[in-house]
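Enquirer:
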Amino acid sequence: MSASCCGTTASLELEQNVTSGAAGVLPIVVIGAGPVGLAAAAHLAERGQDFLVLEAGQRVAASVAQWGHVRVFSPWKYNIDAAARRLLEADGWTAPDADWLPTGGELIEDYLAPLAELFGDKVRLGAKVSAISRLGYDRVRTNGREDVPFLIRLESGEELQARAVVDASGNYTGPNVLGASGLPAHGENTVDVDHALPDVLGADRERYEGKHTLVVGAGHSAATTLLALAQLENAQITWAIRAGSAGRTYGGGDADALPARGALGTRLRAHVDSGRITLLTGFFAHSVTTDGEQATVISRDPSGAGQSVTVDRIVAATGYRPDHSIASELRLDLDPILGSTRRLAPLIDPNQHSCGTVPAHGVDELSHPEPGYYAVGVKSYGRAPTFLMATGYEQVRSVVAAIAGDWEEARDVQLDLPETGVCSSNLAEAQEQRVGLATGISGGLLATPLPLVTVGASDGGGCCG
Ligand SMILES: Cc1cc2nc3c(=O)[nH]c(=O)nc-3n(C[C@H](O)[C@H](O)[C@H](O)COP(=O)(O)OP(=O)(O)OC[C@H]3O[C@@H](n4cnc5c(N)ncnc54)[C@H](O)[C@@H]3O)c2cc1C
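All residue numbers for the sequence shown refer to numbering that gives the first Met the number 0, where the first residue is 0 and numbers rise by one.
1. Confirm the yes/no value for this check: CB of Ser-298, any heavy atom of ligand 1, distance under 7 Å.
2. Report yes or no: do the region 336-344 and the region 201-216 share at least 3 C-beta pairs separated by less than 8 Å?
3. Buried or exposed for Ser-129, please, with buried defined as at least 16 other CB atoms from any protein chain shown within 10 angstroms of its CB.
4. Is the separation between the beta-carbon of Arg-58 and that of Leu-114 shorter than 8 Å?
5. Buried or exposed, going by whether 16 or more other CB atoms sit within 10 Å of the CB of Asp-411?
6. Within a Cβ cutoff of 7 Å, which residues of the same chain sit near Gly-243, ignoring the five residues on either side of it in sequence?
7. DSSP on Trp-238, reduced to helix/strand/coil?
8. Going by DSSP, what residue range makes up the alpha helix (DSSP H) through Ser-468?
9. Do Leu-106 and Asn-78 have their C-beta atoms closer together than 8 Å?
10. Considering only the beta carbon of each residue, do Asp-90 and Tyr-392 sit closer than 8 Å?
11. Taking the straight line between their C-alpha atoms, what separation do you get for Ala-374 and Arg-396?
12. With which residues is Tyr-319 paired in a DSSP beta bridge?
13. Output the distance between the C-alpha atoms of Asp-198 and Gly-274, rounded to the nearest integer angstrom.
14. Do the region 55-70 and the region 32-46 meet, that is, are 3 or more Cβ pairs less than 8 Å apart?
15. Any contact of the region 284-301 with the region 182-194, i.e. 3+ C-beta pairs under 8 Å?
16. At a cut-off of 7 Å, is Ala-61 close to ligand 1 when judged by its beta-carbon and the heavy atoms of the ligand?
17. Considering only residues of the same chain and omitting the five flanking positions on each side of Phe-118, which have a CB-CB separation below 6 Å?
18. To the nearest angstrom, how far is the alpha carbon of Leu-153 from that of Gln-351?
19. When DSSP labels each residue in this structure, what does Gln-293 get in the three-state scheme?
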C-alpha cells in the first residue's frame, strides 16, 4: 500500500483488484503496426501471449507507407522477422526473393499487410495512443507500482489496460527541425517545409517541377532527393549543409566499399561540379522569411557570418527525433544525448558506430526503471541514425521472451547477419538506377561502409559504413 497520506481507500480497492489477478489476464499492448510492432505481435502470438496492436494510421505500417516510393538498402532476407516468417509460411505465404531490395510499398504489400491479416482484430487501426500511465499511479507513487496494470489512453478518449507495453511507435512523425542548433529556425513554423524523401518523380512531382528547391541535410536522404530533383529538367536546386565540405556525403567514389553508395556520391558530386546543383557549405539555418510566394532561408554561422537563399520549396532532410511525451507519466531512464535508454546509448552512438557495428542487444539494454514498458524499434534508438530492422527484430524477440518469463531466451541475444554485408551492393546498384536508394536517415545506411555484425562481433565492416 502507498505510504502517501492521500487516497488510501481508493488504493486499497485497486491493490485488491490486482492481487485477485486483474493485471494477469490483461493483454500486452503493442503501440504501432510498423515492421517492429508487427514482429513483436508475431513473437507474442508464437508464445501464446494475448496481445493487442494499436496503430495510429488507417493502414498498417502507416509511416513506411509515407516513404513507400523509396527502395531500401537491405535485401528481403534481413527485412523479415523469423517468427513472422514462420507464421506466414504456415499460412501458405511465399517469401519474396531473398536478395531483392524492396521499396517501402513492397515491404507493406508483400510482407507487413499479409502479416497483419493473420492477427485479425488484434490489430486496431486508427487507434492513436496519446498517453500511457499506470492505473491509479502517477510517476511519483511507488509502492506496489509494478503490480498494477498499465493505463493506455487513446486520442479518442478511450482507455485500455495492459499487462505490459511494447512501444514500437517509431520516430518518423518527429522529423528534426530546419534550424541548425536543433531549435526551429525563426519563422520555420510559418512556412511550408517538406520533410525527407518526398516522391519527387512520382506523386509529388508537381510540387517541384519548374521550381527552385532548397534541400537541407548531409545524409543520403538529402542525396536521394537531390538526385531525383536533378532529373527534373526545369528544376533549380540548392543544397545546404552545415559542414565545410560535402565529402562525407560523396563517400569514397570508385574506392567506396559499396559501389552503389559510391555511385550515388559520384553522381551527386558531378551535379555539384557541373553547377546543376548549387552547394552552400557552412550553412546554419537560423531564420526563414516569406513573401507569400517564396521563402528566404537565412544562415548565421557560429562566428555570426550570414548567407541566404530564396527558394520556392524547402526540403528538410535533417533526421528524426523520438517523442517520449506519451510516456511522460512513466519512469524512463533516457540517455541525455540520444534519448535511447542509457544502457543502449554507447552501443548505437553514431560517433562510434554505423548500423553494421551495432552489437546485438535485447531486454537488458531496453529496460527502463518502469517495469513492463519497453520502447523498441527505431524509437528505441532515439536520435541515433544507426537502426536496422534486423536489430529491431532481435530486440522484440528478446523482450517478448522476457515478458513470457523465458529469461534464458531473452538474454541469448544475437544478430545473424552475414559476413559479406547487410546491403547487397550489386543489386543496389542495378536497382537504384530505377528509383534511388535512401535510408531516410541522416548519416545512416549509406553514409558509412556496410560492416556486418556476426554473432559476438564487437565491430565489423558494414552496411552503413
Ligand atoms: C526512407 C527509409 C528507408 C529505410 N531503409 C532501411 C533499410 O534499408 N533497412 C533497414 O533495416 N532499415 C531501414 N530504415 C530504418 C527502419 O528500419 C525503418 O524506419 C522501420 O520502418 C522502423 O520500424 P518501426 O516499426 O520501429 O517504426 P515505424 O516503421 O516508424 O512504425 C511505427 C508505427 O507506429 C505508428 N504510430 C506512431 N505513433 C503512434 C501512436 N501514438 N499510437 C499508435 N501508433 C503510432 C505509426 O503510424 C507507424 O505505423 C529506413 C527508414 C527510412 C525512413
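Ideal Cβ placement from N, Cα and C applies to all residues, glycine included.
Expert: According to the structure shown:
1. It does not: the Cβ of Ser-298 is nowhere closer than 7 Å to a heavy atom of ligand 1.
2. no
3. exposed
4. no
5. exposed
6. Thr-280, Gly-281
7. strand
8. With the chain running from 0 to 464 in the structure shown, residue 468 is simply not present.
9. yes
10. no
11. Their Cα atoms are separated by approximately 13 Å.
12. Pro-174
13. 23 Å
14. yes
15. yes
16. yes
17. Ala-40
18. 38 Å
19. Of the three classes helix, strand and coil, the one that applies to Gln-293 here is coil, per DSSP.
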